[in-house]
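Colleague:
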Amino acid sequence: MSCKPPVDLVKLVMKHVDNVQETGVTRTKYTHRLTPVSGTCVANLPELHSLCRRTVTAYCAPENTEGSPNARKYKVELRVRNHNTLTRMQIIQEVAKCMPSNYTVDLHDPDVFVLVEVFKSTFGVSIVEDYYRFRKFNVMELANVHNEPERFEKGAGRVQDKKQDNNDNGTL
Numbered sequence: 000m001s002c003k004p005p006v007d008l009v010k011l012v013m014k015h016v017d018n019v020q021e022t023g024v025t026r027t028k029y030t031h032r033l034t035p036v037s038g039t040c041v042a043n044l045p046e047l048h049s050l051c052r053r054t055v056t057a058y059c060a061p062e063n064t065e066g067s068p069n070a071r072k073y074k075v076e077l078r079v080r081n082h083n084t085l086t087r088m089q090i091i092q093e094v095a096k097c098m099p100s101n102y103t104v105d106l107h108d109p110d111v112f113v114l115v116e117v118f119k120s121t122f123g124v125s126i127v128e129d130y131y132r133f134r135k136f137n138v139m140e141l142a143n144v145h146n147e148p149e150r151f152e153k154g155a156g157r158v159q160d161k162k163q164d165n166n167d168n169g170t171l
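If you use numbering that gives the first Met the number 0, the sequence shown corresponds to residues 0 to 171, in order.
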């Protein structure tokens with residue numbers, strides 16, 4: 000799906016995923032996962048560098064107007080499909096070169112995620128927050144998590160019943 004310039008795909012996906020998390024209704028029949036892409040380019044390092052610079056500049060523009068930039072932690076989430084020209088490390092290092100100096104790498108608890116999708120000879124890049132909180136934008140998983148307490152009462156459920164039955168028989 001693509002949109003014309005007034006619509007920001009990252010904000011659109013974030014809003015939809017937030018609504019799914021709040022309501023538990025996916026409103027999609029065949030879509031399980033959404034991946035926002037701010038920009039695309041041909042799969043080579045100079046083009047990737049240029050695309051990352053544009054994407055990072057657009058993402059950091061509101062921060063720069065507020066005054067002093069605050070330190071942020073980031074992680075590069077790379078997904079490569081049907082591409083064998085560039086290695087994962089080459090792509091990650093090129094993306095890391097484009098990040099501002101006040102951003103540091105943190106693989107365990109990042110504030111910002113740089114999503115890089117590589118499919119055949121095309122790169123797609125976007126910068127998002129709350130990627131893990133929104134279950135990697137998997138709308139089906141978000142809906143299931145929201146609706147799970149409604150389906151099962153406390154102590155109910157197939158796995159818990161199974162454990163209780165086995166414990167009653169004296170076996171594990």
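Using N, Cα and C, we set each Cβ at its ideal position, and we do this for glycine too. No experiment lies behind these values; they were computed from the predicted model shown.
Please report the straight-line C-alpha distance between Met98 and Gly23, rounded to a whole angstrom.
Modeller: Within the sequence shown, numbered from 1, the residue matching residue 98 stands at position 99. Within the sequence shown, numbered from 1, the residue matching residue 23 stands at position 24. Approximately 35 Å, taken between the alpha carbons.
Colleague: In this structure, does DSSP put Arg32 in helix, strand or coil?
Modeller: Looking up residue 32 in the sequence shown gives position 33. Arg32: strand per DSSP, three-state reduction.
Colleague: Since Pro35 and Val55 are thought to touch, with beta carbons under 8 Å apart, how far apart are those beta carbons, to the nearest angstrom?
Modeller: In the sequence shown, counting from the first residue as 1, residue 35 sits at position 36. In the sequence shown, counting from the first residue as 1, residue 55 sits at position 56. About 15 Å separates the two Cβ atoms, so there is no contact after all.
Colleague: Mark Thr121 as exposed unless 16 or more other C-beta atoms lie within 10 angstroms of its C-beta, in which case mark it buried.
Modeller: Sequence index remark: in the sequence shown, residue 121 carries index 122 (1-based). When all chains shown are included, Thr121 counts as exposed.
Colleague: With distance defined between alpha-carbon atoms, name the residue in Val19, Thr86, Pro4, Lys14 nearest to Asn143.
Modeller: The residue labelled residue 143 in the question sits at position 144 within the sequence shown. Comparing Cα-Cα distances from Asn143 to each of Val19, Thr86, Pro4, Lys14, the minimum goes to Val19.
Colleague: Taking Gly38 as the reference, give the member of Pro109, Leu85, Ile91, Gly123 with the closest Cα.
Modeller: As a first step, residue 38 is located in the sequence shown; it is residue number 39 there, counting from the start. It is Gly123.
Colleague: For the alpha helix (DSSP H) that contains Thr22, what are its first and last residues?
Modeller: Residue numbering aside, residue 22 sits at position 23 when the sequence shown is read from its first letter. 8-22 is the extent of the alpha helix (DSSP H) around Thr22.
Colleague: Near Phe112, which residues of its chain fall below 6 Å by C-beta distance, leaving aside the five closest residues on each side in sequence?
Modeller: The residue labelled residue 112 in the question sits at position 113 within the sequence shown. Around Phe112: Lys74, Glu76, Val127, Tyr130.
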